[in-house]
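In my numbering, the protein residues as written are 184 to 1115.
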């Protein structure tokens, strides 16, 4: 019976009831040690058992935090017979991660997607409960996979409950609902004490109640540690336990008191079991035998209620394990680890015990030992092949500590720092790099470490500081290793771009040109593009876009294979206004990221795809791509990427007139980007706020925002060039056209250098707005409309036609005005640009147009962005499993969204979807890559 937890059990019962109705959910139960978290998980298990609900149960084990995917294997092991039903890449990733097959390097989040699909598969038989106790001790790889899956649970019928101890610095499941447990109330605490404890003297009972602070475990265990004299009150009660120790420490001491009362062989067996951690009875008994202890030594611990032996050896509470281990002298702990390593030796070669043996050997080391360091390095590489980057980090770090040779120590620290970057442990990566930097004066090693520090600084600090780190480290290796120096300097140019610092970009480009790279070196085209980028950043598009055009043409011919190179080429297409090329490149890369499980690269590919779709007027598609990218970027710790994507989503909200969402997102961008010098994201926030104001008719507010952007910290960003047309319109509406003169000259120079018809059309529109004579105005508008017919940026074409129509109406040419206003209205309504459609409709009415009611929303507009993605793929023949693998959803969640979409679309089955007009999806959205 649980005392004082009715509200908590009700919440858990509701979560399980939802799962039985097909809805998924997750819950984190948080509180201090002994507060009753495990008891609530047991309650959930009993509830599930009573209704024949399948339960998977796992636990985090402190000594296994460095063993990649150990906790995930424990949780999923009873369902691994279903792996063959998963998409092949996901099944292979899970098999490799769990040591069931040869490992190949895969994206670590593909394992999380495989776990999600496996849970969905198991829930196909009926609702599923997953319980994870002591999640603060999950190994990082398991934690990442579980969190990735938990955030995507939706309609599978899965309930996931995790317990986490307060004060821990391990797994922090941000974004999941939490339930915090406090102490029991006085009445419930007294009832529990009376039910579980024999006779106590009144003042002893009162002291126990006071010292326990309502903690259920303390109410049970503190009295158990008292002698008969203390229970009767003849000796100062709890004298041994009171003092400066926190409650958890007092409970651990209480357990140590019980352990010390056991015979010596029983204490030794408990120590070995505590050091072994998995409960593998065969290994524990083999190690204990090497210490002269037999299997019968388990009996006293069982009788005392400290352990359970039933096929495996389990401690009743984690604090008992901690007490058994930490209460033993250092020499005995070392002996236990040596015995365990010896017991594992026969099964270690290539088997699942190899990593554990390496760590036991390391725990037994009292001085540097190259042989043990080498064993740990082997463990690190096995973890890397399973994408267990956190375990790789830990193994290399400990191997470095045990390396007698200083050169080997530095090499292993560098490997540890690089693995920590891959694991998303950015602060740890920087600390490791800083430590290694103190131990070496080799320029190439210092350069590698600088690359790590700069990458961390870019993601969590300042792009400007990252630039300085790279510039400093590249100089000493320029002569000896120009290729490595060139790669670092290219990154420095990128950092300068994000910092909005043309002088820093110029410094890096000058250093790039001074390098002696051989003819035909693959970085020559990239260096040419960086040269153009620096010129563009300095406000010289005529000079800057020439090498970018050349690099783009070269890339089309050579078809770069790496994702980083492909992203650079797509970005270069943006710079020259070639949205169709950028769309093709970005969509193809996003497809390949999904197919090849490059989940870490996917947010950037989707960011470029969303921007392409936005410029091409496919606002719903852009919103779907950006929303998906945000979710993945948050999972992968790409904070600057999240800022940029929020800026894109804010722009889309502004166009649609959703002022609340726009303001919320721009506030988030400003809060993070300003402090970290991420001016690229900040520029999008400025653009979004000004576009919102302009669409709402607040021209002065729009002008103020835009002028702040053009003259402030974001002034060197290309985005500020793109929002010049908004500034021109705002200045003209405020009857201050002179404020647009200089910015318009800048935009006109860029538009000419791009060679894009749409850009020239927009420049002519701006000139028409500022022209002094009507003849010039009309000529500019006519030319602009003609250029727009070549395609590109339909939202800009609609705005050109709206402005031309307004001018024609004011000049009493209503019939001519209607032609352009009707087309503008149609384009705005198709795009969902409500404020702009309202303005066009009002202008049409002013011309005497009577049939200007709002058009019906197309079928695509009836769906959420995610529903639209799913429906489009289903219409093209993709199965739920294919769609789930592509969008990182479970197949059952895909089915749920289709079920919701069908009534909105007026269809009863997926076969009817083919006859609907679902819009024009971006290239590369075919379901051909079903593997995730």
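Where is the CB? At the ideal position from N, CA and C, for every residue including glycine.
What does the alpha-carbon distance come out to for the pair residue i and residue j?
i            : j            : result
residue 901  : residue 821  : 22 Å
residue 869  : residue 849  : 8 Å
residue 726  : residue 937  : 11 Å
residue 673  : residue 692  : 8 Å
residue 941  : residue 974  : 7 Å
residue 593  : residue 249  : 21 Å
residue 383  : residue 218  : 22 Å
residue 471  : residue 325  : 30 Å
residue 332  : residue 713  : 39 Å
residue 294  : residue 947  : 52 Å
residue 629  : residue 617  : 10 Å
residue 446  : residue 493  : 21 Å
residue 977  : residue 663  : 51 Å
residue 185  : residue 462  : 28 Å
residue 337  : residue 200  : 14 Å
residue 1092 : residue 1085 : 7 Å
residue 620  : residue 800  : 50 Å
residue 819  : residue 513  : 39 Å
residue 189  : residue 865  : 48 Å
residue 581  : residue 505  : 22 Å
residue 1096 : residue 1050 : 13 Å
residue 401  : residue 434  : 6 Å
residue 906  : residue 988  : 22 Å
residue 1009 : residue 1016 : 10 Å
Can you tell me whether residue i is buried or exposed? The criterion is at least 16 other CB atoms within 10 Å of its CB, across all chains shown.
i            : result
residue 994  : exposed
residue 631  : buried
residue 758  : buried
residue 992  : buried
residue 967  : buried
residue 919  : exposed
residue 444  : exposed
residue 715  : buried
residue 310  : buried
residue 998  : exposed
residue 861  : buried
residue 395  : buried
residue 791  : buried
residue 1003 : buried
residue 197  : exposed
residue 960  : buried
The beta strand (DSSP E) that contains residue i, what's its start and end?
i           : result
residue 316 : 311-316
residue 244 : Here residue 244 belongs to no beta strand (DSSP E), and DSSP marks it neither H nor E.
residue 897 : Per DSSP, residue 897 belongs to no beta strand (DSSP E) and is neither H nor E.
residue 346 : 341-348
residue 496 : 496-498
Which whole-angstrom value describes the C-beta separation of residue i and residue j, a residue pair presumed to lie in contact below a C-beta threshold of 8 Å?
i           : j           : result
residue 441 : residue 510 : So it is not a contact: roughly 10 Å between Cβ atoms.
residue 717 : residue 689 : 5 Å
residue 251 : residue 322 : 6 Å
residue 667 : residue 638 : With 8 Å as the limit, residue 667 and residue 638 do not qualify as a contact, their Cβ atoms being about 15 Å apart.
residue 587 : residue 553 : 6 Å
residue 191 : residue 364 : 7 Å
residue 635 : residue 601 : 6 Å
Alpha helix (DSSP H) containing residue i: first to last residue?
i            : result
residue 1067 : 1063-1070
residue 490  : No alpha helix (DSSP H) holds residue 490; the beta strand (DSSP E) holding it covers 490-492.
residue 473  : 464-473
residue 195  : 189-203
residue 1012 : 997-1014
residue 954  : From DSSP, residue 954 is part of no alpha helix (DSSP H); its letter is neither H nor E.
residue 835  : 822-839
residue 1022 : 1017-1029
residue 713  : 707-720
residue 726  : 724-741
Quiz item: Taking the runs of the beta strand (DSSP E) that are 3 residues or longer, which of them lie wholly in the region 531-600?
Solution: Qualifying beta strand (DSSP E) stretches: none in this window.
Self-check item: Sequence ranges, alpha helix (DSSP H) only - wholly within the region 746-809, length at least 4
Solution: With a minimum length of 4 residues, the continuous alpha helix (DSSP H) runs that stay inside the region 746-809 are 746-758, 762-778, 785-798.
Self-check item: Any alpha helix (DSSP H) of 4 or more consecutive residues that is wholly inside the region 621-673
Solution: Entirely contained in the region 621-673, the alpha helix (DSSP H) runs reaching 4 residues are, in chain order, 626-643, 646-657.
Self-check item: Contained beta strand (DSSP E) runs [length at least 3] in the region 211-272, N- to C-terminal order
Solution: Whole beta strand (DSSP E) segments, 3+ residues: 237-242.
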